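Report on the following structure.
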Amino acid sequence: MSSFNGFNENVIAEFRANAGKVGGPFEGAELLLLTTTGARSGTPHTVPLGYLRDGGTPLVVASAAGADRHPAWYHNLLARPLVRVETGTEEYEAVALPAAGARRDELFAQVVRAEPGYGEYQERTARVIPVVALQRTHEAPAPEEEGGIAGKLLSVHGWLRVQLAHVRELAADGAREAGARGDGVASIGLQLRQHCLAFCHALEFHHRSEDAGLFPYLEQQHPHMREFFRRLDAEHRVIARLQEELVRALGAREGFSERVERLSRELEGHLDREEAQLLPVLRALGA
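In this note's numbering, the protein residues as written are 97 to 383.
Below you can see the structure in the form of structure tokens.
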């Protein structure tokens, strides 16, 4: 295992030093670097992977050379779907979305047509080899391209609103399908699960960052706003509880749509109140 890790580290170093170009067994191959967060450790792990594209979206294949177990990076992205992608020219955040059912079969056939070796890997194992789309996260621009800390806050809030809207849309689609079937139980597909987890992890990180850094600093500069920051802290705790309930509902399936709607109402109100009070202060700070 240590020799394999050492090989990967050398490939990663060469990739980053040469704008994505590497030699050896990967010479001429389309490679990207995928950084996941350890499902148990919480630490970042980077691996070099070959990839293809479905339109403009990179696809990676959890083949593990036909082994009977999924690679560690695949388990990581199931637990924490927000990943970092590096190509030869850019680096960006993405949501990792494993394809399911007929869509997976369609994409895998597309992969095998381009790279027949993946078909040989599938023949070696009874497991269904996953195909994962790396969907670039939506960067919601701040109004009028506002800069500084105010612009960053608006950009993060915009991204959270877009992701939550997408989760609500996917949940509504599942509820409509359940109604059409007549069983009343909405299906939690991989797309909904991954987007929901990505949104929840990003929101949790954002609120922790505010609580540990931005809010104490602003309160020190503006002590008259102390009570406002106490209210924001209380709202963060309410939203955190609703997030936990939402994630638990991914396994229970029942009541998921209702929990999405409740979290949406709480979060939208919270973001609106935060922006109304903080943006003038942040704009005064400038860059």
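The beta-carbon is built from N, C-alpha and C at its ideal position, and this holds for glycine as well.
The structure presented is a predicted model; accordingly, all values stated were derived computationally and were not measured.
Runs of the alpha helix (DSSP H) spanning 4 or more residues and lying entirely within the region 159-196 occur at 168-175, in chain order.
Taking the CA atoms as reference points, residue 320 sits about 39 Å from residue 353.
DSSP, reduced to helix, strand and coil, places residue 319 within a helical segment of the structure shown. Rounded to whole angstroms, the Cβ separation of residue 192 and residue 177 is 5 Å, and the two are in contact under 8 Å. In the three-state reduction of the DSSP assignment, residue 118 falls in the coil class, being assigned neither a helical nor a strand state. Residue 144 holds the alpha-carbon nearest to the alpha-carbon of residue 183 among 175, 144 and 199.
Its chain contains 266 as the residues whose beta carbon lies nearer than 6 Å to that of residue 288, once the 5 sequence neighbours on both sides are disregarded; these appear in chain order. Apart from the 5 residues on each side of it in sequence, residue 263 sits with its Cβ closer than 8 Å to the Cβ of 288, 291, 292, 295 and 356 in its chain, given in chain order.
If the five residues before and after residue 358 are omitted, its C-beta is found closer than 8 Å to the C-beta atoms of 338, all from its own chain and listed in chain order. Per DSSP, reduced to three states, the secondary structure at residue 143 is strand. Contact check between the region 155-175 and the region 121-138: three or more CB pairs, one atom from each, fall below 8 Å, which counts as touching. Using a Cβ distance threshold of 8 Å, residue 129 and residue 108 count as a contacting pair. Here the alpha carbon of residue 378 sits roughly 5 Å from the alpha carbon of residue 246. Listed as beta-bridge partners of residue 156 by DSSP are 228.
Cβ atoms of residue 230 and residue 181 come within 8 Å of each other, at about 5 Å. Between the alpha carbons of residue 309 and residue 179 lies a gap of roughly 24 Å. Residues 331 of the same chain have their beta carbon placed closer than 6 Å to that of residue 366, with the five preceding and five following residues left out of the count. The straight-line gap separating the alpha-carbon atoms of residue 372 and residue 253 is approximately 13 Å. The criterion of a C-beta distance shorter than 8 Å is not satisfied by residue 207 and residue 258. Contact between residue 131 and residue 139 is absent: CB atoms are separated by about 10 Å, not below the 8 Å threshold.
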